[in-house]
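See the structure below:
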């Protein structure tokens, strides 16, 4: 930070969190109710596997629910459910939520789920998705939420990796123009898996799916949620070690196989509690809205756990920023429920701006309760930042973080020390994160110089404790690039005032509307087409979604295909294998792909050309420059 802020509250907090993490984080841990309070903050005896609060014991569900009820706040709203696609609304108090979680925890226990067992949750954005998560936490089970839009093969991969005893699902989700049945996808996934869960518990939606009958899947019993609850006894909170896993959340990997990020109980509870107070400035009883999905990390951290840990009211929204019914949907929710802050992706703001460039819908609603708009998921570009700031009249705060970190790496700390906002920057590193900019050899770069953003170990509590059942991949994916650092995979710089600028991914995982997706997995799907010899998928800049995937394929010798028919077939294949969330629509037949002499496709070079960069990096090891020259006009057209 500059001289004017070196003695600031923020600067002192950040300094202490790095130089004396035990003192800083043990004090922060005082905001959590412990069964056995920790005496040590971080155990670094086996780097890079750092363990937070290793001698502490607690229960996350108790911290989210029971203690608020015991403090006399049981009648306060815990969740407000607002379904723009069905018109349904519901308020669930802390007492009611506790009762529902106790009951479903008992149903899971009756199915043989206990401490350390896994439960896969494949649900739409309805309150019972959150109830299932909290019920797992209550009995010490490990949940793995899979976004309801993922196709059967993606669900199957996650079931095989997590090996759950139970899958919790619903008859389907609701999109603005259609219903999405889940039963066929779950049944198909179970037909693809090597692991067979003992039970599927179904949270019915009789108002939307009145005649859905359960599929028959060998080795798995299908049970209605209400029947399962009626036949079991409520379950109390089970003490767990702070280092025990709370959940597994899968994120895209460059190999095409998802990585199961593991979050612990203790570090997670402390970090999210601290962040709600200090990063977001949210207090008990205030209404907080994260417009995301529980299938993503933002939904885990800031729809379910974060707000409940501090005793706030969290909105569960089933709808879109536009089309349910119009570009005023978000502003209606804020006005009707008195939200103090909205947390969403820049993609959503861009979609609203596209439909309502003059902000006329904003003017229709009373947004006087709203203090802040928070954004995360991909870079908040200055134009979108400016539009939102001017039309809302509130601070617009960017956040930078990842599935792996679980909470912000960099932000403007509205509850600790609000700072001047610089459009294009998520502001400063959050306490707990020793963020550095390194060159390719691991040497720290001076202010203003762009390089690799890396975090010196140990990272803050609440970040990933490892990858599920794969220590080797944890090290190779994150810890092997720079010795003693977590490699974020993002490039950027830190200016002379200490403000962070994130310029984009340095690997082949792309960011589509806030969702990290592997181009490698899309290539693998495309390559299975009988006419395709090889393929490359790159992420190109997209005004609305941040990035979008664009494919280039080389046909097998002698194959002649109608380009539009082939494109339609490949799009359908990606949708079937990965899901509509990939938004894969553009694919072009080319004569060849640019490669190095060792056979590596020059995806980075292709991206640079497609994004219109002038300083394109063409490696000296390119095999045939003429191939790139021939492809360049097509790449330019993809912008």
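Residue numbers (the working numbering): 412 to 1050. Glycine included, each C-beta is placed from N, C-alpha and C at the ideal position.
Check: Measure the alpha-carbon distance for residue 620 versus residue 557 and round it to whole angstroms.; Outcome: 21 Å
Check: Is the beta carbon of residue 819 sitting closer than 8 Å to the one on residue 848?; Outcome: no
Check: Using DSSP with H/G/I as helix, E/B as strand and the rest coil, what is residue 1005?; Outcome: coil
Check: Nearest by alpha-carbon distance to residue 450: which of 459, 467, 456 is it?; Outcome: 467
Check: When you compare each of 676, 555, 752, 591 to residue 577 by their alpha carbons, which one comes out closest?; Outcome: 555
Check: Is residue 665 helix, strand or coil by DSSP?; Outcome: Any reading at residue 665 needs caution, since the residue's pLDDT is 47, under 50, leaving its predicted position unreliable; the model's value is listed next. Here residue 665 sits in coil by DSSP.
Check: Can you name the start and end residues of the alpha helix (DSSP H) that residue 427 belongs to?; Outcome: 420 to 430
Check: Given 8 Å as the limit, is there contact between the segment 591 to 598 and the segment 1021 to 1038, that is, 3 or more CB pairs closer than that?; Outcome: no
Check: Along the chain, which unbroken stretches of the beta strand (DSSP E) at least 3 residues long are found entirely within the segment 564 to 619?; Outcome: 577 to 580, 583 to 585, 590 to 592, 610 to 613
Check: Using DSSP's beta-bridge definition, name the partner residues of residue 811.; Outcome: 821
Check: Going by the DSSP bridge assignment, what does residue 916 pair with across the sheet?; Outcome: 901
Check: With a cut-off of 8 Å, do at least 3 Cβ pairs link the segment 667 to 681 to the segment 459 to 473?; Outcome: yes
Check: Assign residue 503 to buried or exposed, taking buried as 16 or more other Cβ atoms, counted over all protein chains shown, within 10 Å of its Cβ.; Outcome: buried
Check: Taking all protein chains shown into account, do 16 or more other C-beta atoms lie within 10 angstroms of the C-beta of residue 907, making it buried, or fewer, making it exposed?; Outcome: exposed
Check: Figure out for me which residue from 1030, 956, 951 has the closest Cα to the Cα of residue 998.; Outcome: 951
Check: Just curious, the alpha helix (DSSP H) that residue 1051 is in, first and last residue?; Outcome: There is no way to answer for residue 1051, as the model of the chain reaches only from 412 to 1050.
Check: Hey, could you find the ends of the alpha helix (DSSP H) residue 538 is sitting in?; Outcome: 538 to 549
Check: To the nearest angstrom, how far is it from the Cα of residue 794 to the Cα of residue 703?; Outcome: 22 Å
Check: Do residue 872 and residue 909 come within 8 Å of each other at the CB atom, strictly closer than that value?; Outcome: no
Check: With a cut-off of 8 Å on the beta carbons, I'd call residue 763 and residue 732 a contact; round off their distance for me.; Outcome: 5 Å
Check: With distance defined between alpha-carbon atoms, name the residue in 654, 650, 602, 517 nearest to residue 631.; Outcome: 602
Check: Strictly by DSSP, which residues pair up with residue 462?; Outcome: 454
Check: Can you list, in chain order, the residues of its chain whose CB lies under 7 Å from that of residue 770, leaving out five sequence neighbours each side?; Outcome: 802
Check: Three or more C-beta pairs closer than 8 Å, one from the segment 522 to 540 and one from the segment 578 to 593: is that the case here?; Outcome: yes
Check: Tell me the DSSP secondary structure of residue 988 in three-state form.; Outcome: helix
Check: Do you know offhand how far residue 979's Cα is from residue 1042's?; Outcome: 21 Å
Check: Out of 505, 776, 921, 628, which one is the CA nearest neighbour of residue 742?; Outcome: 776
Check: From residue 1048 to residue 959, what does the alpha carbon distance come to, in whole angstroms?; Outcome: 14 Å
Check: Taking the alpha-carbon of residue 684 as reference, which of 486, 526, 517, 826 has the nearest alpha-carbon?; Outcome: 826
Check: Please name the residue in 972, 495, 877, 551 whose C-alpha comes closest to that of residue 650.; Outcome: 551
Check: I need the boundaries of the alpha helix (DSSP H) containing residue 932, first residue and last residue.; Outcome: 930 to 937
Check: Comparing C-alpha positions only, which one of 639, 463, 810, 609 sits nearest to residue 448?; Outcome: 463
Check: Can you look up residue 532 in the DSSP assignment and give me helix, strand or coil?; Outcome: strand
Check: Determine the DSSP secondary structure at residue 879, reduced to helix, strand or coil.; Outcome: coil
Check: Which residues mark the beginning and the end of the beta strand (DSSP E) in which residue 950 is found?; Outcome: 943 to 953
Check: Please decide whether residue 728 counts as near chain C, where near means a Cβ-Cβ distance under 8 Å.; Outcome: Reference to chain C is not applicable here, since this structure consists of a single protein chain.
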